[in-house]
Amino acid sequence: MNLLIIRLIIFAVLFWAGLKLYRMYREWKLEHGADQPRHLDDARMVRCSQCRVHLPEDEALRQGDRWFCSHEHRDKFLEQQRPPED
Numbered sequence: 416m417n418l419l420i421i422r423l424i425i426f427a428v429l430f431w432a433g434l435k436l437y438r439m440y441r442e443w444k445l446e447h448g449a450d451q452p453r454h455l456d457d458a459r460m461v462r463c464s465q466c467r468v469h470l471p472e473d474e475a476l477r478q479g480d481r482w483f484c485s486h487e488h489r490d491k492f493l494e495q496q497r498p499p500e501d
């Protein structure tokens with residue numbers, strides 16, 4: 416019987432400590448998480464057809480059904496797509 420009571424006390428102390436740590440973590444997360452920008456979470460991501468880097472759609476360049484991260488990559492990709500001149 417004494418062993419059962421000791422186990423219950425240990426369990427209660429561990430549960431209390433875990434709950435206390437969780438609350439401290441949650442409070443820390445609220446304090447430090449607000450500093451980070453949230454606008455990228457809602458942005459649709461597209462992939463550059465030249466270098467395959469993902470970037471937000473509002474920062475990308477569109478050429479037809481293709482997306483590019485810069486003017487240089489767009490021009491380079493379109494240059495490679497042209498048939499060779501004879």
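When we follow this note's numbering, the leftmost residue of the sequence shown carries the number 416, and every step to the right adds one.
By construction, the Cβ of each residue, glycine as well, lies at the ideal position given by its N, Cα and C atoms.
In the three-state reduction of the DSSP assignment, M460 falls in the strand class, which pools E and B. In the three-state DSSP reduction, R481 falls in the strand class (E or B). Within the DSSP bridge table, the entry for H469 names R462 as partners. Taking a 10 Å sphere around the C-beta of R489, we find 16 or more other C-beta atoms and assign the residue as buried.
The residue from L419, A475, Q465 with its alpha-carbon nearest to that of A458 is A475. Listed as beta-bridge partners of L476 by DSSP are F483.
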